[in-house]
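Going by the UniProt record's numbering, 166 is the number at position 166 of the sequence shown; the sequence numbering is gapless.
Cβ coordinates follow ideal geometry from the N, Cα and C atoms, glycine included.
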Amino acid sequence: MTRAGAQRRELQASLEGNTGRVMEGRYKDYRIRFSPGWVEVVQDDVTVPSRRALITGATGLLGRAVYKEFKENSWHVLGCGYSRARPRFECLNLLDEAAVKALIQDFKPHVIIHCAAERRPDIVESQPELASLLNVVASENLAKVAAGVGAFLIYVSSDYVFDGTSPPYREDSIPHPLNLYGKTKLDGERAVLQNNEGAAVLRVPVMYGDVEKLSESAVTILFDKVQFSNKSANMDHCQQRFPTHVKDVATVCLQLTERKIQDPSIKGIYHWSGNEQMTKYEIACAMADAFNLPSSHLRPITDEPVGATPRPWNPQLDCSKLEKMGIGQRTPFRVGIRETLWPFLVDKRWRQTVFH
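The structure is reproduced here in structure tokens:
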């Protein structure tokens with residue numbers, strides 16, 4: 001092993017201590033610099049941020065965005081996942097109470113953003129016990145442990161806690177979920193707030209963003225039907241949606257956290273949402289428009305689907321509480337969806353006329 005390699009290994013061990021996770025502070029690091037005729041070891045200063053954030057569900061669509069947002073704003077971030085965790089994130093089974101407690105007591109986060117959830121309504125209906133364990137029981141345990149170490153907990157919830165009959169919904173509106181997914185998220189909210197009086201609940205609608213595959217979001221999954229126009233595609237033109245970019249939700253999480261540091265009264269329920277109201281059909285047409293694709297093959301269906309998991313007609317969230325606090329940002333849908341879907345566009349020849 002080279003001298004620089006040995007020094008780097010020594011440094012890493014000293015930073016991690018017995019935990020395997022880097023501690024905050026200012027340290028020396030070493031790197032090898034190659035120049036014509038010689039090789040030298042260069043010493044650099046390394047500063048590890050003192051503010052610590054723990055992100056559950058960091059492998060998921062929202063979790064990745066939250067992890068990135070905190071990381072880019074000088075937080076020391078530990079991301080947790082399960083089946084897809086390694087090698088980038090910590091592997092943590094949220095149903096293992098002892099493991100959760102040990103990790104949190106070890107890392108001592110200032111904030112925990114709880115993004116992990118079973119978010120697919122149809123899966124929740126078919127696997128209710130497992131969904132309840134993740135959405136409710138694991139959330140309750142996190143709330144208790146977070147309270148024990150004094151960490152601010154943000155529980156990410158859903159607009160599906162409402163039935164969609166009387167929008168827009170304020171934070172103090174009476175919840176009435178139509179399906180089991182909405183019920184488990186509501187039960188999770190209550191478990192968190194009952195066991196951690198300083199925690200916050202952030203309700204959000206359907207989200208999209210930098211997906212790893214189109215099926216990762218209920219928004220982006222429509223794109224293949226949009227760009228493959230050789231056959232007609234039926235699109236729901238009944239239920240109202242408010243597609244929201246995950247980076248906007250991540251920004252709200254960061255802003256809420258930084259406000260909490262200054263103001264301990266930050267707690268309770270908050271709403272954030274995009275403000276462009278669209279049906280699934282209108283979302284698909286907007287995608288087509290963003291990429292100059294035909295949309296005549298898309299067929300709007302105004303009848304309610306038969307036999308499907310019930311969903312709220314219009315669960316629009318009133319976001320004025322956060323807006324009055326100066327918190328939040330909104331990415332225009334056509335801008336956000338173009339950035340999101342560009343890697344999945346089959347025929348990119350149009351780009352010269354659209355971007356230039």
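What's the call for residue i, buried or exposed, on a 16-neighbour Cβ count within 10 Å?
| i | result |
| --- | --- |
| V100 | buried |
| L130 | exposed |
| E10 | With a pLDDT of 47 at E10, under the threshold of 50, the predicted position of this residue should be treated as unreliable, and no value is reported. |
| R170 | exposed |
| T165 | exposed |
| E304 | exposed |
| G25 | Residue confidence for G25 is low, a pLDDT of 49 falling below 50, so the modelled location carries little weight and cannot support an answer. |
| K185 | buried |
| R203 | buried |
| E212 | exposed |
| G307 | exposed |
| P121 | buried |
| D96 | exposed |
| V346 | exposed |
| G81 | buried |
| A98 | exposed |
For the beta strand (DSSP E) that residue i lies in, which residues bound it at each end?
| i | result |
| --- | --- |
| D224 | Looking at the DSSP string, D224 is not in any beta strand (DSSP E); the run it does join, the alpha helix (DSSP H), is F223 to Q227. |
| A200 | A200 to V204 |
| D122 | That residue, D122, is in no beta strand (DSSP E); its alpha helix (DSSP H) goes P121 to S126. |
| N234 | A233 to D236 |
| V111 | V111 to H114 |
When the Cα atoms are used, what is the spatial distance from residue i to residue j?
| i | j | result |
| --- | --- | --- |
| A233 | T220 | 15 angstroms |
| P175 | V42 | 60 angstroms |
| G336 | A138 | 32 angstroms |
| V161 | G182 | 5 angstroms |
| L103 | K68 | 21 angstroms |
| E125 | A147 | 31 angstroms |
| Q127 | S265 | 37 angstroms |
| F107 | H76 | 10 angstroms |
| W313 | H237 | 11 angstroms |
| N275 | T331 | 10 angstroms |
| V22 | D210 | Reliability of the predicted coordinates at V22 is poor, the pLDDT of 49 falling under 50, and no value is obtained from them. |
| L94 | L134 | 7 angstroms |
| Q105 | M235 | 48 angstroms |
| L311 | L178 | Leu is not the amino acid found at residue 311; the sequence shown has Arg there. Taking the straight line from one Cα to the other gives about 6 angstroms. |
| A58 | V111 | 14 angstroms |
| Q329 | P294 | 31 angstroms |
| L254 | L78 | 15 angstroms |
| T251 | Y208 | 14 angstroms |
| V292 | K231 | Residue 292 is actually Asn in this sequence, not Val. N292 and K231: Cα-Cα distance of roughly 18 angstroms. |
| F333 | E40 | 50 angstroms |
| S50 | F70 | 12 angstroms |
| D172 | E72 | 33 angstroms |
| S157 | T309 | 19 angstroms |
| L317 | P205 | 8 angstroms |
| C115 | P36 | 50 angstroms |
| I113 | E189 | 13 angstroms |
| A53 | S74 | 10 angstroms |
| V192 | R33 | 51 angstroms |
| F223 | K348 | 14 angstroms |
| I123 | S132 | 11 angstroms |
| L180 | F242 | 21 angstroms |
| R88 | S296 | 43 angstroms |
| D159 | P167 | 11 angstroms |
| L214 | Q239 | 21 angstroms |
| C91 | P109 | 17 angstroms |
| A290 | F344 | 13 angstroms |
| A200 | E118 | 19 angstroms |
| H356 | P315 | Any reading at H356 must be qualified, since the residue scores a pLDDT of 38, below 50, and its modelled position is unreliable; no value is offered. |
| D163 | Y155 | 20 angstroms |
| F228 | G326 | 42 angstroms |
Mind checking which residues open and close the alpha helix (DSSP H) that includes residue i?
| i | result |
| --- | --- |
| A191 | L180 to N195 |
| I337 | F333 to L341 |
| K324 | S320 to K324 |
What runs of the alpha helix (DSSP H), each 4 residues or longer, lie entirely inside the segment 250-311? 280-290
Could you tell me which whole alpha helix (DSSP H) segments of length 4 or greater appear in the segment 42-99? 61-72
Contact between the segment 187-196 and the segment 135-149 is defined here as three or more beta-carbon pairs at a separation below 8 angstroms; is this criterion met? Yes, the segment 187-196 is in contact with the segment 135-149.
Which runs of the beta strand (DSSP E) spanning at least 3 residues fall entirely within the segment 135-163, listed in chain order? 152-158
Quick test of the definition: if touching needs 3 or more C-beta pairs under 8 angstroms, does the segment 274-284 touch the segment 215-231? yes
Below 8 angstroms, how does it come out for the segment 302-322 and the segment 259-272: are there three or more Cβ pairs, yes or no? yes
Touch test, the segment 150-162 against the segment 330-345, Cβ-Cβ under 8 angstroms, three pairs minimum: No contact exists between the segment 150-162 and the segment 330-345.
With a threshold of 8 angstroms, are at least 3 pairs of Cβ atoms found where one atom belongs to the segment 245-263 and the other to the segment 60-69? Segments in contact, yes.
If you pair each beta-carbon of the segment 253-265 with each one of the segment 298-306, do three or more pairs fall below 8 angstroms? no
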